[in-house]
Structure formats: C-alpha cells, structure tokens
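*Asks:* Protein chains in written order, with the working numbering: chain R, 3 to 293; chain W, 106 to 178.
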C-alpha cells in the first residue's frame, strides 16, 4: 500500500506496459517538449500538444467544453475509458491534462508514475510511428466545468488579503525571489519578478524522486506540512502559466488528500503583469515562517 | 525498439545546474539538456555518438542560459 489518499490515480510503468493496448485504456503522452513523442513513445500511446490542443488558442483559457469533447472523441476516448497520462519533466503537462480532465468530470484518469523519464531509463519498448486513434463511435459528453478545482484572480487577491488560503508558489527559488522572470529558454514572461505577498515557496520538483516518481506519502506530508498544509487546509497553487502548479495540485489533492486545493492557472504571467498588484521580492523564509 | 544505455548527470553551466540525459535508440544517440529547476527542456540533440550529442546539447544550453538575465533582489 502506498498510503496515498487516492492511489488509484497512479499507475506504474509495469502496469502501462501490460495495458497500453487494452481496448478500454487510452495512453496519452503530453510533453513540455512537443517533439519528444516523435522520437519514441509508449507503444499504443497518442500525443496531445499542450500549446495547441489543451488550451483555448484565441482567448487565454483552458479548453472550452466543446473543444474538450471534440478532443476526447477524436482521441477515441469515451466517458468510461481509462485514460493514462504521462510526459516529460516528471509529468508536468500530464498533470495539466489531468487537471483539465477532472474539471470536465472524466471519471477514470490516471498518471504513469515516473513519466517518460522512467520509461526511458527502464529501457522499455518505444514506437516511433504515431499511433492512429480512431474516433469514438459516440461523441464524448463532458460534464459542466467544475470550477472548484480552479482559482481565478479575485480568489487569489482575497486569499492574499485575508490569508483565507495558503498560497503555494511552486516555481524555482530564482523565480520566487525575483532574480529571474522566467525559466531559461521559456518565452512566457512578465513585467515584474517576485511572488505574491505571503506565498510559501515549495518548488514543484521537491515532490519527486530522482527517477521521476512521486515521493512517499510521509515525505510529502513533511514537505507540505512544514508550510502549514494539512488535509483540512485551503490551498491555492500557482506557478508561471499553471502547468507546474497543476502538478502540485495533483500531489496535494490526490496523493495527500487535501480537500480544498485549487490551481491558479493565471499564475505569475497574470499577477506579474497586473498594474498595481503587490509584489514581494526576496528568497523564501524558512518553512513555517512565511507571513 | 528499446532505448539503451540511458544515463543522466548534473553539470553546472555559468552557475546554473543543468541536467543532461542521453541514450541510444536505433544506433543514434539522443541527448537532452534541461535546467534542474524547473526542469524545462533547453536542448534536444540527435548525433552519431554520445559525446557529440551531449556536447551539442550542452552548447545549446549554455547559449540559452547566457541570455537569461539575472536581476538583483
């Protein structure tokens, strides 16, 4: 037993190797580096591109419901399909896809623990030819968006003012302090560096082991507990554009069982560009001391 | 087909921790460099040897990292 609050949402690389071509299972690779899939992927896996297929490409927003339904249908996914997501960077954008699938109410969606990195390091089979997924026989019907999983700017402003929720900044320490505006090599940026006043710094990667898998439940409890995060806490996670924070959202909600955790996908590219928004600069205080 | 000889190591470039991973796939060597935190990919290279692939990935990483402006806080 893993001890995770919802260990049914995690599958091992062994499990995927045995089930990736099951008729009721659809494995999907979602990478930061959208070319990685072409280099070699889990046999039977399809790919979604985060920057064109998992967002509204006109308005800055998540996928609208109709587009989400179309993507599922085109991907051969029905409401009862078991969807297994994995990707590079320890499942950054796999978690982003997971978050959106839960917003639209997909019942059985899971993450392959360790992601692409673990699959490669275990020298497992790869296919280079893209998997052709026939569309579903029936159009996919999503549920109405569950916005309790998502934080918008007014909620974050309220949380900052009243401390009604713990703000977890999951970016790198250099982004948190304001030393850099965005990670090297990534284009989305902001006008000001720093963090939301009162936010706690817990870089997303601290939740992972070297092999890409998630840390044990006891290690995660210690990591987030030091910042006051308990199962009964209200938490808002944010990063730069919402993908790293969806990883932390996943950890808090599904591995630790925090009941009220939301992902602020506006994140620093919204807050750090707002006229008049308060910004705090400097390194994180030690655990438990953030004001 | 299977990836072979997967390896991963951390190096430092101009004060930035960089992770470089490489493996062989169908006779070609693939290397990827990313910055350790947050892990964003900096370069992905395919070459005839591991040394060449890793070196090109690290060269590209160095180029991108040198463009990242650090600010006083």
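Glycine included, C-beta positions come from ideal geometry on N, C-alpha and C.
Note that the structure is predicted; figures quoted are calculated from it, not measured.
With DSSP as the reference, label residue 129(W) as helix, strand or coil.
*Replies:* Strand at residue 129(W).
*Asks:* Taking any Cβ of chain W, which residues in the segment 108-134 of chain R have a Cβ under 7 Å from it, in chain order?
*Replies:* So the list reads 122, 123, 125, 126, 127 and 128, given in the order they occur along the chain.
*Asks:* Kindly list the residues whose CB is nearer than 7 Å to the CB of residue 253(R), restricted to its own chain and excluding five residues on each side of it in sequence; keep chain order.
*Replies:* Same-chain partners within the cutoff: 209, 216 and 222.
*Asks:* Under 8 Å, Cβ to Cβ, is there at least one residue of chain A near residue 37(R)?
*Replies:* Among the protein chains of the structure shown, namely R and W, there is no chain A.
*Asks:* So residue 154(W) contacts chain R; which residues on that side make the cut at Cβ distance below 9 Å?
*Replies:* Within 9 Å Cβ-Cβ: nothing; residue 154(W) doesn't reach chain R, min ~17 Å.
*Asks:* Name, please, each residue of chain W whose Cβ falls closer than 7 Å to the Cβ of residue 34(R).
*Replies:* Ordered by position in chain W, the residues that pass the 7 Å Cβ test against residue 34(R) are 145 and 146.
*Asks:* So that I know if they touch, is there some Cβ in chain W lying closer than 8 Å to that of residue 31(R)?
*Replies:* No, its Cβ sits nowhere closer than 8 Å to a Cβ of chain W.
*Asks:* Looking at residue 245(R) and residue 98(R), is the spacing between their C-beta atoms short of 8 Å?
*Replies:* Yes. Within cutoff.
*Asks:* Quick one: does residue 122(W) have its CB under 8 Å from some CB of chain R?
*Replies:* Cβ-Cβ to chain R under 8 Å: no for residue 122(W).
*Asks:* Which one or two residues does DSSP pair with residue 79(R) in a beta bridge?
*Replies:* The partner list for residue 79(R) (beta bridge, DSSP) is empty, contrary to what the question assumes.
*Asks:* Under a CB-based cut-off of 8 Å, is residue 157(W) close to chain R?
*Replies:* Not one chain R Cβ lies under 8 Å of residue 157(W).
*Asks:* What in chain W is Cβ-close to residue 41(R), meaning under 9 Å?
*Replies:* Chain W residues near residue 41(R): 130, 135, 149 and 151.
*Asks:* Which residues in chain W have a C-beta closer than 7 Å to the C-beta of residue 180(R)? List them in chain order.
*Replies:* In chain order: 176 and 178.
*Asks:* Does DSSP put residue 114(R) in a helix, in a strand, or in coil?
*Replies:* In the structure shown, residue 114(R) sits in a strand (DSSP, three-state: E or B).
*Asks:* Under 8 Å Cβ-Cβ, which residues of chain R neighbour residue 169(W)?
*Replies:* Those are 186 and 187, listed as they occur along chain R.
*Asks:* Is residue 43(R) helix, strand or coil by DSSP?
*Replies:* Correct three-state label for residue 43(R): strand.
*Asks:* If distances are taken between C-alpha atoms only, which option among 29(R), 214(R) and 10(R) comes closest to residue 206(R)?
*Replies:* That would be 214(R), whose Cα lies nearest to the Cα of residue 206(R).
*Asks:* What residues in its chain sit with their C-beta under 6 Å from that of residue 292(R), if we drop five residues either side in the sequence?
*Replies:* Residue placement at residue 292(R) cannot be trusted, given a pLDDT of 41 that sits under 50; what the coordinates show is reported in the next sentence. Within the same chain, residue 292(R) has close Cβ partners 202.
*Asks:* Measuring only the C-alpha atoms, how far is residue 10(R) from residue 231(R)?
*Replies:* C-alpha separation (whole angstroms): 22 Å.
*Asks:* In the DSSP assignment, what residue or residues form a beta bridge with residue 135(W)?
*Replies:* For residue 135(W), which the question treats as bridged, DSSP gives the partners 128(W) and 151(W).
*Asks:* Assuming contact is defined by CB atoms lying nearer than 8 Å, are residue 114(R) and residue 15(R) in contact in what I supplied?
*Replies:* Cβ atoms of residue 114(R) and residue 15(R): closer than 8 Å.
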